[in-house]
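Below is one structure, written out as structure tokens, with a few remarks after it.
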Amino acid sequence: MRTRHIVLLAAVIAGMATLLTGCELLGFVSIDQRIGHFQDALNNTDRSSAYQNFHPDKCSDYNNLKNPIFVINPTWPTGNVPYSLSVTSESDSSAVLVTVTGNGYATLYLRLNMQTTGLGDNRIVSMDTSTDGVAWTVGVIK
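Residues 0 to 141 in numbering that gives the first Met the number 0 are what the sequence shown spells out, letter by letter.
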């Protein structure tokens, strides 16, 4: 009987921990959380794990992104951190709008195509950029 109570208590604690972490333990990563992970990667000198924010099956540049000098470094130099990414619209997961500001860096706008892997893990499939939020350079990452 005592063992059953301990197991039940452990299950309740695990369930509460899962709820408090935003379900990331189960693979659920919301769009906001993914943008936060991407921001964290951009703010590191070593960006070797930044590719993990992109969809492994649907982002055609995925393998190239594993090389930290591909697109991410020229677009966001490591000397101009910290960067701040703010989601301005996520009503359409195929065109999530993000504003990027940085230390001495001109405002940049991102349009991200987000799709899920597995059980709701949102990842970036492609990224377009704009300096004014109107004219877009399509396929910066595709």
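Even glycine gets a Cβ: it sits at the ideal position worked out from N, Cα and C.
Because the structure is a prediction, the values reported are computed rather than measured.
- Take the alpha-carbon of P76 and the one of L41: they are about 9 Å apart.
- The three-state reading of DSSP puts G132 in coil, since its state is none of H, G, I, E or B.
- Taking each of T87, Q32, R122 and V86 in turn and checking the Cα distance to S59, the smallest one comes out for R122.
- Note: I123 is bridge-paired with F53 and M113 in the DSSP secondary-structure output.
- Leaving aside the five residues that flank S88 on each side, the residues in its chain whose CB is nearer than 6 Å to its CB run, in chain order, L96.
- The Cβ neighbour count for A49, taken over all protein chains shown within 10 Å, is at least 16; the residue is labelled buried.
- Secondary structure of A40 (DSSP, three-state): helix.
- A straight line joining the alpha-carbon of R46 with that of H54 spans about 17 Å.
- Cβ contact annotation for S85 (same chain, cutoff 7 Å, sequence separation greater than five): V97 and T98, in chain order.
- In the DSSP assignment, L64 falls within the alpha helix (DSSP H) that extends over Y61 to L64.
- Judged by DSSP secondary structure, V86 falls within the beta strand (DSSP E) whose first and last residues are Y82 to S88.
- L118 is classed as exposed because its beta carbon has fewer than 16 other beta carbons within 10 Å across all chains shown.
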